[in-house]
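Everything in the sequence shown is counted per this note's numbering, starting at 33 for the first residue and increasing by one. The beta-carbon is built from N, C-alpha and C at its ideal position, and this holds for glycine as well. In this text, all values refer to a predicted model and were calculated from it rather than measured experimentally.
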Amino acid sequence: MQSIVVINKPKDWKFQIQDVEVVSAKAYLTDLKYSEISNLRVYNLCQSYRYQGIGYYVSLLAEARGHRSFPNITTIQDLKSQSIVRIISDELDKRIQSSFSRIRSNRFDLNIYFGKSVAKQYEQLSKQLYNLFPAPLLSVSFIWNEEQKKWLLQNIFPLPLSQIPELHKPYLLEFAREYFGRKRIHSTSGNSKLVYDLAILVNPEEKSPPSDRKALNKFIEAAEDAGMRARLITKNDYSRIPEFDALFIRETTSVNHHTYRFARRASAENLVVMDDPVSIVRCANKVYMAEVMRKANIPTPKTVIVHKKNADQLVNELGLPYVLKQPDGSFSSGVMKVKDQLDLDESLNRLLNQSDLIIAQEYVPTEFDWRIGILNKMPLYACKYFMAKNHWQINQWQANGSFKVGAHQSVRLEDVPQKVLNIAKRAASLIGDGLYGVDIKQIDNKVMVIEVNDNPNIDFGTEDGILKDQLYKEIMEWFSWRMKSKLNKS
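In C-alpha cells:
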C-alpha cells in the first residue's frame, strides 16, 4: 500500500524519507488522481484538525475514498473530548506517576513523534498514549495536583510541525525513518506478487492458544501463496494496526480484553478482521447464545437462563445432574456439573456473584462432540473431540491451571451426517460470515448445538487432519477475497 504525507505547505517538510511522497493538503483534496487511487495510506500532518478545517477534511475525505487516514476522524474527535482524556488519565495513572516521580516542577509537556519520545524514560508512556490516540505528532500536557498529590493528564492535542523544537527535529527524522522503514520492509519483501499486509495477533505466553506454532507457520506460508505478507504481532503492537490491511486473531478472545480492542480498532480502520468484534461479543456470552438459538428454533440441550429469583427451580426443570456455565467461559472453563444440592448451592452462589445471569443446561453425556468448522457460512472441516479420560468434558482443568485434553479424530465432510452439517451452518449463520467452530452433540438421530465459537482451534495435526495445507489456504484465500472486495467497492 502506497504512503503519502499530507501537509499544508510541503516546503515545511524538510526531511527526505525513502518511498514517501509529500503532498499539499490542497492537492490531496482537489487533484482527481488522489481520489482515484484506492489503496493509499494518508499521514495527515496538517497544522490543525479543527472541525471543517483543511486538516479535518483531509482525514474525512480519506475515509470517504477508502484510504487509510492517520489520524482518522475518530481519533481527531477523541483528541477534542475532555471526558475521554479524563478516562485515559485514570487508566494510565500508575504509568504517569512512575514516569514523573522525579519531576519537581508543576507542569510537564511531552512530545510524541510516531509513538516515540526523545527521552527513553518516557518511552513506555509515549507508546501507551500513542496506542490510545494514534496520530503522528502529539503534544501531551501534565500538571501536578497538590491536593491529590499526583500528576494528572491535562490535555492532549495534535502537534503542528511548526511547534517542534529545533533540538527535536533530528529525533523526528530518526523516528519517521524508522516508522516508514518498517512499513517499507512490509512492501518490499522481494516478492512483487504480495500486495496485502496481514497481521496475525498471537500471545507467545498463552498456555493453550487457538493455533500452535506449526499451524501459524502454515498460515504464513498460505498467506504468501494468496498474495499477502503475514506478520505475527502481539498486544504491544496496537499502534501498528493501521499498517496492515487485515487482522487475523489467533489468541483466545474475550470482550473485556485487548483482543476485542484490537478487533474494534481494526474494524474502525477498515481492515478485514477475523474475528470481528460483533462475533466476539456474540460468541463470548452464553446467555446471548441461548436466546438466539431459542429464537431460531435451533435444537440445544434444555436450557434455562438463571437469575437469583429462579435459581431454586432448576432441579425441578432440569433434574440432576445438570451443567452450569458462566456466560463468558471458554475452552471448557467456567463450566461445572452439578450433581447434588451441595454442588448446586456452592456453584450458584459463586457464579451469580460474578454475573446477574448464568446458564443452566441439562446434562447430555456423549462419547464425543462434533466440531464443525464453518467459513463464510459453509462447512470447512470436521472433527470429533472425545471426552478427556475419566472426565465428562473434552478438557479437564487442574487446580494449577493446567489441563488434560481428550483425543481427537478428523473426519471427511462427506462422512459427517447431513443433519450435523445442516445444523452447524444454521447456527453459525446467526453469528456472522467469518470463521466459527460449532460444537454439536449427537444421540442416535438427534442433534443438538452446544455452542458456536469464534476463534476456533486450528492446530497442526488436528483440525487439518483431512485437508492438510488446503485448510490454511482456504482461510487465507478468504482474507484475500475480502480485501479485493473492499478494494473494488472503494
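Asked: To which residues does DSSP link residue 176 through a beta bridge?; Found: 183
Asked: What is the C-beta distance between residue 282 and residue 241, in whole angstroms, given that I count them as a contact (C-beta under 8 Å)?; Found: 7 Å
Asked: May I ask you to verify whether the stretch 104 to 115 touches the stretch 126 to 134, counting CB pairs closer than 8 Å and requiring at least 3?; Found: no
Asked: Looking only at its chain, what residues have a beta carbon closer than 7 Å to the beta carbon of residue 156, apart from the 5 residues adjacent to it on each side?; Found: 127
Asked: So who's on the other strand from residue 228, going by DSSP bridges?; Found: 260
Asked: Relative to the C-alpha of residue 43, which candidate in 34, 57, 51 and 50 has its C-alpha closest?; Found: 57
Asked: Please determine if the stretch 415 to 423 and the stretch 437 to 445 are in contact, where contact requires at least 3 C-beta pairs separated by less than 8 Å.; Found: yes
Asked: Here's the rule I'm using: 16 or more other beta-carbon atoms within 10 Å means buried, otherwise exposed. How should residue 326 be labelled?; Found: exposed
Asked: Nearest CA to the CA of residue 391: which residue from 376, 403 and 404?; Found: 376
Asked: By DSSP, does residue 469 sit in helix, in strand, or in coil?; Found: strand
Asked: Using 8 Å for Cβ pairs, my map puts residue 185 next to residue 117. What's the rounded Cβ distance?; Found: 6 Å
Asked: Nearest CA to the CA of residue 295: which residue from 335, 266, 119 and 60?; Found: 266
Asked: Between 427, 410 and 446, which has its C-alpha nearest residue 458's C-alpha?; Found: 410
Asked: Taking buried to mean at least 16 other C-beta atoms within 10 Å of its own C-beta, is residue 493 buried or exposed?; Found: exposed
Asked: Going by Cα to Cα distance, which pick from 339, 245 and 515 is closest to residue 382?; Found: 339
Asked: In the DSSP assignment, the beta strand (DSSP E) including residue 335 goes from what residue to what residue?; Found: 335 to 338
Asked: Spatial neighbours of residue 46 within its chain, please: CB distance less than 7 Å, with the 5 preceding and 5 following residues excluded, ordered by chain position.; Found: none
Asked: Among 276, 488 and 397, which has the Cα closest to the Cα of residue 423?; Found: 397
Asked: When we look at the beta-carbon of residue 138 and count the other beta-carbons within 10 Å, is it buried (16 or more) or exposed?; Found: exposed
Asked: Use the C-beta contact count for residue 220: other C-beta atoms within 10 angstroms, 16 or more gives buried, fewer gives exposed.; Found: Unreliable placement is indicated for residue 220, whose pLDDT of 44 sits below 50; no coordinate value is reported for it.
Asked: Return yes when the Cβ of residue 337 is within less than 8 Å of the Cβ of residue 481, no when it is not.; Found: no
Asked: If you draw a straight line from the C-alpha of residue 462 to the C-alpha of residue 323, how long is it?; Found: 11 Å
Asked: Looking only at C-alpha atoms, which of 471, 444, 79 and 483 sits nearest to residue 196?; Found: 79
Asked: Enumerate in chain order the residues of its own chain whose CB-to-CB distance from residue 207 is below 6 Å, with the five nearest sequence positions on each side excluded.; Found: 145, 146 and 148
Asked: Cβ of residue 468 within 8 Å of Cβ of residue 406?; Found: yes
Asked: Could you work out which residue in 372, 400 and 359 is closest to residue 385 when comparing CA atoms only?; Found: 359
Asked: Thinking C-beta only, is residue 247 closer than 8 Å to residue 486?; Found: no
Asked: Using CA atoms only, rank isn't needed, just tell me which of 298, 263 and 63 is closest to residue 166.; Found: 298
Asked: Cα-Cα, which of 94, 82, 48 and 77 is closest to residue 65?; Found: 94
Asked: Below 8 Å, how does it come out for the stretch 302 to 312 and the stretch 338 to 358: are there three or more Cβ pairs, yes or no?; Found: no
Asked: Is it buried or exposed, residue 59, if we count other Cβ atoms within 10 angstroms and call 16 or more buried?; Found: exposed
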